[in-house]
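Data first, discussion second: the structure below is written as structure tokens.
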Amino acid sequence: MAQAGEPGPPAEDGGDERPKWDNKAQYLLSCIGFAVGLGNIWRFPYLCQTYGGGAFLIPYLIALAFEGIPLFHIELAIGQRLRRGSVGVWTAISPYLGGVGFGCFTVSFLIGLYYNTVLVWVLWFFLNSFQHPLPWSTCPPDLNRTGFVQECQASSTVSYFWYRQTLNITADIGDSGVVQWQLLLCLVTCWMVVYLCVIRGIESTGKAIYFTACFPYLVLTIFLIRGLTLPGATEGLTYLFTPKMQTLQNPRVWLDAATQIFFSLSLAFGGHIAFASYNPPRNNCEKDAVIISLVNSLTSLYASLTIFSIMGFKATTDYRRCLDRNILSLIDEFDFPEQSISRDDYPTVLTHLNATCPERVARLHLRACQLEDFLDKSASGPGLAFLVFTEAVLHMPGASAWAVLFFGMLFTLGLSSMFGNMESIITPLLDMGILPRRIPKEGLTGLVCLACFLCSTCFVLQSGSYWLEIFDNFVASLNLLIFAFCEVVGVIYVYGMKRFCDDIEWMTGRRPNLYWRVTWWVVSPLLLLSIFLSCVVLLAQRPPRYKAWNPQYVQFPLREEKLYPGWVLATCVLLAFLPILWVPTIALAQLLARRRQRTDTQPATSPKP
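Position in the sequence shown (from 1) plus 10 gives the number in our numbering.
This is the structure:
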């Protein structure tokens, strides 16, 4: 590694011959596109709603200041200084840390498999959104065409379209089912799109990122303007951000805030290191780290405003329909004139009837209509996009147009994240030079995309969504926390704080202040260690479970909670710890190699006469 104050690495290591960004905007948009992903849309709003609205912002901002931004600064600075991918960076810092780079490479490969499958689902819904009426607005007719499919009527139209017509999901993870041809075709399409966008690395993604990174903000703005004009938007936003300070006493709030920051910024994947390696050596990486981190967090807040303005409208619509059904039941039972009971009068009338005719009211089995109950029915992850939001769109005039915009936004949002993920895979391969030089970069990219496509076909089986959930829960959890801890320790304690600060001063023109040094030296490592131990304790307290869509379940349409079979648990453990094994394996291999080298170079001692 170059000493502080010296120029970058030689040309063969990626110095002068290394590709460069066309301009600073391309680099910033690529980092923002990689960091801002689907989690900003369907994870952050859910956490805010779950943990006391505005109160959740307190641990979130603390985690951002003492965990997210400092770690992000390290990745951008070390990638820019060494001008290599993740494997090359950590091998250059210390050969014993090379396993961190290989581990990040492995995690990025595994994440790319299932993350692009989410885009498959999005693409399928996007294509179906051009129909009018939307295919999830009504139940399909039964075989005799005398009624509707019973499973659909027992659940809901959106649930049936998602679980049966899209996934055709099995009732148990042990039953793999067959390949869903429509999803397989979408999978081919998605990997072709990814390949065409990353075919020449930053030379091609730098062009595509202008659209994929900016289009989601345009759509979010359109949805926010529309959402604020809908009835119930105020209730949704009030419910989202009303602070409930007592929730801060729950340790899980602080853990979820820290992990949300960590995964939202895409730390320890290696993508930001790869992106930064294409920067000019004298770029101000400190300023970039702060800007990108703040844009990412503000995007989460902006998305929350949009999502919950729409969710408030949906909850208000469901609440009014609930009241209307109850009112009609009372009118029919007590022979009231039509429209004689308004929604405002309903509580008073119901109280009077319960006092005078409780038996007759009890026979009606009226629903408990509370606006808060409908607001509570938010969801995280695919449930928000493919169940809750699709149902909300049905209540909006011009539903098809809004569905096209929404799923088009999700597709471009996920696609820009895939750019960084693929860069985390391809850049280390190019830096290591393990393939023959006669294979062009386009060929290497094609081989990587083909390998990812073949491995990800398991997710288009009928049981594919169960396996995607397993990958999502176990691949990017403990692995990345350990890699991030190794990154901090490797840079600050192995490479050295003084040397690292000298490099930053050479690149930016100023030395890191006390805030950066304290967080790197003490706060961030301790915070990462605490998060890791907390995650291990939570996993040990409750065996992993999954929820199966089983029409034979007694409480259908509720999903049946099941324990994973033993062989599936073994797979979960393998996914959670396989990438980590690179760290001790590479370190041990380096140790043995150096011992062997010392033994071979020792001069032979002549025997005593």
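Note that CB positions come from ideal geometry on N, CA and C, so glycine has one too.
Buried or exposed (CB count within 10 angstroms, at least 16 for buried), Asp266: On the sequence shown, position 256 is the one that residue 266 refers to. Per the 10 Å Cβ criterion, buried.
6 Å Cβ shell around Val229 - same chain, five flanking residues per side excluded: Sequence index remark: in the sequence shown, residue 229 carries index 219 (1-based). So the qualifying residues of the chain are Leu415, Met419.
Touching by the beta-carbon criterion (3+ pairs, under 8 Å), the stretch 125–135 and the stretch 194–212: yes
Host alpha helix (DSSP H) of Glu571 (start-end): The residue given as residue 571 occupies position 561 in the sequence shown. Per DSSP, Glu571 belongs to no alpha helix (DSSP H); it is in the beta strand (DSSP E), 570–573.
8 Å contact criterion, which Ser276 and Phe44 should meet: CB distance rounded: Sequence index remark: in the sequence shown, residue 276 carries index 266 (1-based). Sequence index remark: in the sequence shown, residue 44 carries index 34 (1-based). 5 Å between Cβ atoms; contact.
Inter-residue Cα distance where the pair is Asp513 and Gly108: The sequence position of residue 513 within the sequence shown is 503, counting from 1. The sequence position of residue 108 within the sequence shown is 98, counting from 1. When rounded, the distance between both Cα atoms is 21 Å.
For Leu573, the nearest candidate out of Gln565, Pro567, Arg353, Cys582 (CA to CA): Here the question's residue 573 lines up with position 563 in the sequence shown. It is Cys582.
Alpha-carbon spacing of Phe279 relative to Ala413, whole angstroms: In the sequence shown, counting from the first residue as 1, residue 279 sits at position 269. In the sequence shown, counting from the first residue as 1, residue 413 sits at position 403. Each residue's Cα considered, the two are about 32 Å apart.
Length of the line joining the Cα atoms of Pro561 and Arg174: One-based indexing of the sequence shown puts residue 561 at position 551. One-based indexing of the sequence shown puts residue 174 at position 164. The alpha-carbon atoms of Pro561 and Arg174 are separated by roughly 10 Å.
Segment limits, alpha helix (DSSP H) that includes Tyr124: Counting from 1 along the sequence shown, the entry for residue 124 is found at position 114. Element bounds for Tyr124: 108–138.
Cβ pair Ser489, Pro554 closer than 9 Å: What you label residue 489 is simply residue 479 of the sequence shown in a count that begins at 1. What you label residue 554 is simply residue 544 of the sequence shown in a count that begins at 1. Before going on, a small fix: residue 489 reads as Asn here, not Ser. Not closer than 9 Å, so no.
Buried versus exposed call for Asp328 [16 or more other C-beta atoms within 10 Å across all chains shown]: Within the sequence shown, residue 328 is the residue found at index 318, counting from 1. Answer is buried; the Cβ neighbour count reaches 16.
Among Gly63, Pro407, Arg155, Cys114, the one whose alpha carbon lies nearest that of Thr257: The sequence position of residue 257 within the sequence shown is 247, counting from 1. Comparing Cα-Cα distances from Thr257 to each of Gly63, Pro407, Arg155, Cys114, the minimum goes to Gly63.
Cβ pair Ala164, Ala558 closer than 9 Å: Position 154 of the sequence shown, counting from 1, holds the residue named residue 164. Position 548 of the sequence shown, counting from 1, holds the residue named residue 558. Not a contact, by the Cβ cut-off of 9 Å.
Same chain, Cβ closer than 6 Å to Arg353, five either side skipped, listed in chain order: Looking up residue 353 in the sequence shown gives position 343. These residues qualify, in order along the chain: Leu333.
Given 8 Å, three or more beta-carbon pairs between the stretch 89–107 and the stretch 521–534: no
Sequence-distant residues of the same chain with beta carbon closer than 7 Å to Thr167, five excluded per side: On the sequence shown, position 157 is the one that residue 167 refers to. The answer, listed in chain order, is Trp146, Ser147, Thr148, Cys149.
Three-state secondary structure assigned by DSSP to Leu378: Here residue 378 corresponds to residue number 368 of the sequence shown, with the count starting at 1. It is worth fixing the name first, because residue 378 is Ala in this sequence and not Leu. Three-state result, Ala378: coil.
Leu123 versus Lys451 - alpha carbon distance: Here residue 123 corresponds to residue number 113 of the sequence shown, with the count starting at 1. Here residue 451 corresponds to residue number 441 of the sequence shown, with the count starting at 1. If I take the Cα positions, the gap works out to 21 Å.
Neighbourhood of Ser616 by C-beta distance below 7 Å, restricted to the same chain and skipping five residues each side: On the sequence shown, position 606 is the one that residue 616 refers to. For Ser616, the predicted structure reports a pLDDT of 49, less than 50, and the residue's modelled location is therefore unreliable. A value from the coordinates is still provided. Closer than 7 Å at Cβ, skipping near neighbours: no residue.
Residue burial classification, Glu27 (beta-carbon count within 10 angstroms, cutoff 16): Indexing the sequence shown from 1 puts residue 27 at position 17. With fewer than 16 Cβ atoms within 10 Å of its Cβ, Glu27 is classed as exposed.
3 or more residues per run - each beta strand (DSSP E) lying fully within the stretch 545–608: 555–558, 570–573
Opening and closing residue of the alpha helix (DSSP H) in which Thr239 lies: The count along the sequence shown starts at 1 and reaches residue 239 at position 229. No alpha helix (DSSP H) holds Thr239; DSSP gives it neither H nor E.
Inter-residue CB distance, Ser1 and Gly89 (contact presumed, cutoff 8 Å): As displayed, the chain neither begins before 11 nor continues past 619, which places residue 1 out of reach and without an answer.
Spatial distance of Lys387 from Arg509 (CA atoms): As a position in the sequence shown, residue 387 is number 377, starting the count at 1. As a position in the sequence shown, residue 509 is number 499, starting the count at 1. Taking the straight line from one Cα to the other gives about 52 Å.
Status (buried if at least 16 other CB within 10 Å, exposed otherwise) for Lys34: Residue mapping note: residue 34 aligns to position 24 of the sequence shown, counting from 1. With fewer than 16 other Cβ atoms within 10 Å, it is exposed.
Assigned exposure category for Tyr505 - 16 Cβ within 10 Å defines buried: For the purposes of this step, residue 505 is taken as the residue at position 495 of the sequence shown. The residue is buried, with at least 16 neighbouring Cβ atoms inside 10 Å.
From Tyr249, Phe66, Phe82, Val458, residue whose alpha carbon lies closest to that of Ile209: Taking the sequence shown and counting its residues from 1, one reaches residue 209 at position 199. Checked all of Tyr249, Phe66, Phe82, Val458; the closest Cα to Ile209 is Val458.
Alpha-carbon spacing of Pro29 relative to Phe140, whole angstroms: For the purposes of this step, residue 29 is taken as residue 19 along the sequence shown, with counting starting at 1. For the purposes of this step, residue 140 is taken as residue 130 along the sequence shown, with counting starting at 1. Taking the straight line from one Cα to the other gives about 40 Å.
Residues bridged to Gln151 [DSSP beta-bridge criterion]: Here residue 151 is taken as the residue at index 141 of the sequence shown, counted from 1. For the record, residue 151 in the displayed sequence is Pro; it is not Gln. BP columns for Pro151 point to Phe158.
Three-pair Cβ contact test at 8 Å for the stretch 309–321 versus the stretch 239–247: yes
Alpha-carbon to alpha-carbon, Ile449 and Gly246: As a working mapping, residue 246 is identified with position 236 in the sequence shown. As a working mapping, residue 449 is identified with position 439 in the sequence shown. Answer to the nearest angstrom: the Cα atoms are 55 Å apart.
Buried/exposed call for Arg521, threshold 16 Cβ in 10 Å: Position 511 of the sequence shown, counted from the first residue, corresponds to residue 521. Under this definition Arg521 is an exposed residue.
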